[in-house]
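*Asks:* In the working numbering, the protein residues as written are 14 to 481.
C-beta atoms are modelled at their ideal positions from N, C-alpha and C, and glycine is treated no differently.
Nothing here was measured: the structure is a model prediction, and the numbers come from that model.
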Ligand code: BES
Ligand code: MN
Ligand code: ZN
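(1) Determine the extent of the beta strand (DSSP E) in which residue 231 is found, giving its start and end residues.
(2) Closer than 8 Å is the cut-off here; do at least three beta carbon pairs connect the region 197-210 with the region 312-319?
(3) Does the beta carbon of residue 357 fall short of 7 Å from some heavy atom of the ligand BES?
(4) Check the DSSP bridge columns for residue 444 and list the partner residues they point to.
(5) Within a Cβ cutoff of 8 Å, which residues of the same chain sit near residue 218, ignoring the five residues on either side of it in sequence?
(6) Take the Cβ of residue 106 as the centre, count every other Cβ of all protein chains shown within 10 Å, and call the residue buried at 16 or more, exposed below.
(7) List the endpoints of the continuous alpha helix (DSSP H) containing residue 131.
(8) With distance defined between alpha-carbon atoms, name the residue in 99, 49, 262 and 50 nearest to residue 65.
(9) For the beta strand (DSSP E) containing residue 149, name the first residue and the last one.
(10) Should residue 137 be labelled buried (16 or more other beta-carbon atoms within 10 Å of its own) or exposed?
(11) Just checking: is the beta-carbon of residue 45 within a distance shorter than 8 Å of some beta-carbon in chain D?
(12) Between residue 454 and the rest of its own chain, which residues show a CB-CB distance below 6 Å, the 5 nearest in sequence each way excluded?
(13) In angstroms with no decimal places, state the Cα-to-Cα distance between residue 109 and residue 203.
(14) What residues in its chain sit with their C-beta under 6 Å from that of residue 435, if we drop five residues either side in the sequence?
(15) Taking the alpha-carbon of residue 180 as reference, which of 159, 301, 194 and 222 has the nearest alpha-carbon?
(16) What separation, rounded to the nearest whole angstrom, lies between the Cα atoms of residue 296 and residue 352?
(17) Rounded to whole angstroms, how far is the Cβ of residue 36 from the Cβ of residue 86, which I believe are closer than 8 Å?
(18) According to DSSP, residue 156 sits in a beta bridge with which residue or residues?
(19) Secondary structure at residue 412, three-state DSSP: helix, strand or coil?
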């Protein structure tokens, strides 16, 4: 990945000119205009640039070359919808070159992060990769940290954007293997019918109808005596719904159903690249929920790794099944922190929409840490309750548990409660029901496959475990 952030050299004459960016709002624009030449002022009027949020003006000098950039942002201090990455949009609007923020921003690190997060396009199948404009930043900005965060984020985006024909269970395994190799992590994989002998019956049941064998991917990194952090990601490479087949419009985007796997791998990348003093484990059940004569059916009762019998209410609620076996495995070694991420329910999207990922956690202190980090990193997530009373909605007449409730109420909560039944020993458990996709571009979030919550979680994990 080419470096987008460069060091701002002061005092010396550098070979390439650095173009200043002035961030304004309609109020500060008025006084700023005094710094411009009469010709430039006139031109800004002609362009009817008023400094409203998102507006940009490329100001020329006498020779017609780019002199400076003006960009409008909101001056609201009460907006909590994480618009602080707003300046990232500049990176998508200016020509190639080197820029610097000259006035109007309060946090240069944040501005640098916004710039880098916005500089992304998925170009695997068409066109040339874009040469992004560079940003020069002062020494106080930790460019390496921003670089590793954006690498993790872009890894997640790339994997989600890759269509299912090129991102099956095998290719997902290969992507994880590549990261494991980079950081010398240990990888073990259980594939196909071996899932039965190694006791992952639900991963097998969900994945067996596909001609691309299901697998349980298990990566370990770090010193064995360090705090144990385990990440689990839903790796459903395509979700047809199974025999409870999805209608066409609901199936259209289901290449993104491995968004949890992509996001947890992106987070694992950050943790390992930053060499955090933790024992990291990443567990990905990778399957394709497909249709065939040997597909699992509604009404089937499955065995599970934990020993609970699970009645199948709907084969389209497949994610929680493969996660349950992965959670049971993770829970066996009593991790300090167990986090799963999954594109688990349509109900989560109905509740909070695509910008904001709901998360579940029974530990109030950890909930506060995550919420605060989300705000600080402009990576919005929102707490939801493991509402105990609804747990009984998962009771089955013939098995230990049903994986869905029938009423249709609180679909994201009942999915979370099902998962929690498979976690007993972990000190802390957090579940994220993410959307994994940006239907429209947002500041720092290009349209398409989306990283959600992993920058916030990276900050939380750093704070909790990086103390010396
Ligand atoms: N992968 C879907 C959930 C999903 C759908 C996430 C659309 C984001 C956007 C999941 O496997 C699923 O199909 N869930 C069902 C569960 C239902 C059958 C209980 C759902 O939410 O409709
Ligand atoms: Mn499904
Ligand atoms: Zn799914």
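*Replies:* Let me lay it out:
(1) First-last of the beta strand (DSSP E) with residue 231: 228-234.
(2) With the cut-off at 8 Å, the region 197-210 and the region 312-319 do not touch.
(3) Under cutoff, so the answer is yes.
(4) Answer is 353 and 373, bridged to residue 444.
(5) Closer than 8 Å at the Cβ level, and outside the excluded window around residue 218, lie 309, 313, 315 and 334.
(6) Counting of Cβ neighbours within 10 angstroms places residue 106 among the exposed residues, the total staying below 16.
(7) Run containing residue 131: 121-131, per the alpha helix (DSSP H) assignment.
(8) Of the candidates 99, 49, 262 and 50, the residue whose Cα lies closest to the Cα of residue 65 is 99.
(9) Its beta strand (DSSP E) spans residues 147-150.
(10) Within 10 angstroms of the beta-carbon of residue 137 lie fewer than 16 other beta-carbons, which makes it exposed.
(11) Within the model displayed, chain D is absent; a lone protein chain is all it includes.
(12) Excluding sequence positions up to five before and after residue 454, its CB lies within less than 6 Å of the CB of 460, all in the same chain and listed in chain order.
(13) Rounded to whole angstroms, the gap between the alpha carbons of residue 109 and residue 203 is 47 Å.
(14) These residues qualify, in order along the chain: 319, 337, 340 and 341.
(15) Selected option, being the one with the closest Cα: 301.
(16) Whole-angstrom Cα-Cα distance: 10 Å.
(17) Between residue 36 and residue 86 a beta carbon distance of about 6 Å is seen, short of the 8 Å cut, so the two are scored as contacting.
(18) In the DSSP output, where bridge partners are listed per residue, residue 156 has none listed.
(19) Note: residue 412 maps to coil in three-state DSSP.
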